[in-house]
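For the sequence shown, the numbering used here begins at 9 and goes up steadily by one.
For every residue, glycine included, the Cβ atom is placed at its ideal position computed from N, Cα and C.
Encoded as structure tokens, the structure appears first; notes follow it.
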Amino acid sequence: MNAASASIGLSKSRSLAGLAVVLAVATALRWQATQSDGLWMDEIFGASYVNLNPWEVVVAVLRFDIHPPGYYLQLKAWSVLGRSDQWLLLNSVAWSLGSVVAVYLGVSRRADRIAGLLAAACVALLGSEIFFASELRMYAMLSCMALVLWQVVDAWLDKGGKALCLWVLSLLLVLSLLHSVAFLAIGSVLAFAWLTWWQRRPSVVSLRAMVCLTVAAGLLLMPWLANAFVRSVSHTAVPSAQVMAGTVGGWWLGYFPGVTPLQLSVAALVSLVVILALMLSGTRQVRALVLCFVVAPLVLVAAVSMLVRPIWLDRTLAYAAVFLPVALALQWHAWSGGGSRQWGVGLLVLAMQGTVLFGFIHLAEGLQTSRKMQFREAAAYIAEHNPSRLPVYVPSNVRFWAMARYLQGPAWGSLLAIQDPVRADDSDTWRRVYARLGSDLLDRLHLVPSARTVESPSGALWIGPTPLPPDVAAKGFFFVGDMRDRDRTQACPQGTEVARTAFVGVMVFECR
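As structure tokens, this is what we get:
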């Protein structure tokens, strides 16, 4: 930021006060969004991994998960202060707030503090950021780290130096360990780096350094791309026009219940107009940002989904959303010019007031609407209707971890130690892997179970596909299944079904 911009714009103290207001609003909205539900299936993984030591976290992730272990290791460190749903969800809130700060710093340094505050206020109210801040997943962290990496890479291209280069490599390592689709965010940063390097020639960064950076990124990503490719990914889609509109419109409105397809389509259409305007009339820096962080990811994910295998998900492209406010704020600064800074202050005040009202009035109902699988509610039902402490049979690993969390408590035990000793997995692939590893190596990896049950105040929980012992099943038991069991006349794997209760994503059966 140059001296002229600083003198006409906001003072540092006033801009920090404005940022504090923006962060307060952002925190309130994100906290409110975490209050409506317990954890759903994908979130249960992280909430269960925190019961393990760091080495066991790595083993468990490689055994049960499609993603790298980086996010789960930092969540393990966060859990030192608590393992409750709310405390763990605050980790995502913190990373999302980090994105707000990163946007403020990035735009302020490239434009001025007014533009930085406008961009930060926009990200604070961005629907997708609020949505993913309310989930115990890695998307809020991924967006924040992508923003930080973009800024460090830009600084490295501008100044060069080994110290900044090491920071770039370190951030690449962190980002590559967060998610199996981190290749998109890293690819966006690399594309931006190459485009910026070409535009700034002759550059303080050599061609050799750029090539080495690209190769290093590829090597860091390769193991996790291979891991993701050989495993199945659920909920992905081949993008239709409606699916793409839902994703892009959700960047602004979020993916909360009550947001209609029409609203998402209108928001997506507005986004398309904004993107085209920025690409056609934006500054060179803005065009590079929009091309590399918004347009290219959309085109690439659509192409891969249509030509190779479906990978399109709303959350696959979540990191791209935060770069639109960045580009808009930078372009607003370029259009307004140094002599229009005074009306910019008024616009800032009006925008902040409007966003506060919009956030609390129009988003409040959606933020509090239940939208996740109801493991918590199913567990509460069993606790209330099982005074005799009958066994609770949950064959599926993740559903067992969820029910153990809500019936026994967050620190219910080790998911590595508590498995079915006879049939640890229904997968033929994993049975072959176990056979090849051998008993000694399995023991060293902590993959040899020590128990099949967890005792809870509401009865013993049993895991695994092996049927319950006859003497246990004879007393009657609760069976926790999924929505596929809903259409079965008799869903109980043993005995006779006498009652059933449906929850969102969960079925509870009473068997005698």
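In this structure, does DSSP put Arg-439 in helix, strand or coil?
-> Arg-439: helix per DSSP, three-state reduction.
Look at the alpha carbon of Arg-216 and the alpha carbon of Trp-175, and state the distance between them as a whole number of angstroms.
-> If I take the Cα positions, the gap works out to 18 Å.
Straight-line Cα distance separating Ala-132 from Val-29 | Taking the Cα positions, Val-29 is about 10 Å away from Ala-132.
Secondary structure at Cys-500, three-state DSSP: helix, strand or coil?
-> In the displayed model, Cys-500 falls within coil according to three-state DSSP, outside both helix and strand.
Out of curiosity, what's the CA-to-CA distance linking Phe-264 and Ala-154?
-> Roughly 24 Å between the two C-alpha positions.
Ala-143 - DSSP class collapsed to helix/strand/coil | For the sequence presented, residue 143 should be read as Glu rather than Ala. In the three-state reduction of the DSSP assignment, Glu-143 falls in the coil class.
Please list, in chain order, all residues of the same chain as Leu-27 whose beta carbon is under 7 Å from its beta carbon, the five residues on each side excluded.
-> The residues are Tyr-112, Leu-125 and Ala-128.
Residue closest to Arg-496, alpha-carbon to alpha-carbon, out of Ala-510, Ala-193, Lys-483 and Val-456 = Considering only alpha carbons, the answer is Ala-510.
Three-way DSSP call (helix, strand, coil) for Ile-194 in this model | Assigned with DSSP and collapsed to three states, Ile-194 falls in helix.
Going by alpha carbons, who is nearest to Val-160 out of Ala-119, Ser-178, Ala-141 and Phe-301?
-> A check of alpha carbon separations from Val-160 across Ala-119, Ser-178, Ala-141 and Phe-301 identifies Ser-178 as the nearest.
Arg-508 - partner residues in DSSP beta bridges = DSSP output for Arg-508 lists Phe-517 as bridge partner(s).
Just tell me which of Gly-54, Leu-286, Leu-70 and Ala-245 has its CA closest to the CA of Tyr-79.
-> Residue nearest to Tyr-79 within the set Gly-54, Leu-286, Leu-70 and Ala-245 is Gly-54 (criterion: CA-CA distance).
Taking only runs of the alpha helix (DSSP H) that begin and end inside the segment 37-82, which ones reach a length of at least 4 residues, in chain order?
-> DSSP assignment within the segment 37-82 yields the following whole alpha helix (DSSP H) runs of 4 residues or more, N-terminal first: 49-57 and 62-72.
Excluding sequence positions up to five away, which residues of its chain have a Cβ less than 6 Å from the Cβ of Ser-142?
-> The residues are Ala-41 and Thr-42.
Cβ contact (3+ pairs, closer than 8 Å) linking the segment 419-432 and the segment 460-471 | Yes, they touch.
Backbone secondary structure at Trp-420 - three-state DSSP = Coil at Trp-420, not helix or strand.
Pick out the complete alpha helix (DSSP H) segments inside the segment 261-300, 4 residues or longer, and give them in chain order.
-> The qualifying runs are 269-289 and 292-298.
Distance, Pro-333 Cα to Phe-368 Cα | For Phe-368, the predicted model reports a pLDDT of 49, less than 50, meaning its position is unreliable and no value from the coordinates is stated.
Which word fits Arg-440, buried or exposed, when buried means at least 16 other C-beta atoms lie within 10 angstroms of its C-beta?
-> Here Arg-440 is exposed, its C-beta having fewer than 16 other C-beta atoms within 10 Å.
Which of helix, strand or coil does DSSP assign to Ala-236?
-> DSSP, reduced to helix, strand and coil, places Ala-236 within a helical segment of the structure shown.
What's the C-alpha gap between Lys-380 and Ser-100?
-> Lys-380 and Ser-100 have their C-alpha atoms some 16 Å from each other.
Within 8 Å, strictly: CB atoms of Phe-485 and Pro-399 | Between Phe-485 and Pro-399, the C-beta spacing is below 8 Å.
Would Leu-157 pass as a contact of Val-197 if the rule is Cβ separation under 8 Å?
-> For Leu-157 and Val-197, yes; Cβs fall inside 8 Å.
Considering only residues of the same chain and omitting the five flanking positions on each side of Ala-276, which have a CB-CB separation below 6 Å?
-> Listed in chain order, the non-local C-beta contacts of Ala-276 below 6 Å within the same chain comprise Ala-253, Val-256 and Gly-257, local neighbours out to five positions each way being set aside.
Local conformation of Phe-368 per DSSP, three classes | With a pLDDT of 49 at Phe-368, under the threshold of 50, the predicted position of this residue should be treated as unreliable, and no value is reported.
Backbone secondary structure at Thr-377 - three-state DSSP | Looking at Thr-377 - three-state DSSP - the assignment turns out to be coil, as it is neither helix nor strand.
Spatial neighbours of Leu-365 in its chain, beta-carbon cut-off 6 Å, leaving aside the 5 residues before and after | The predicted position of Leu-365 is uncertain, since its pLDDT is 49 and thus under 50; a value taken from the coordinates is nonetheless stated next. Around Leu-365: no qualifying Cβ.
Three or more C-beta pairs below 8 Å linking the segment 399-409 and the segment 474-484 = Short answer: they touch.
Take Ser-464 and list the residues in its own chain whose beta-carbon comes closer than 6 Å to its own, dropping the five residues that flank it on each side.
-> Leu-415 and Gln-416.
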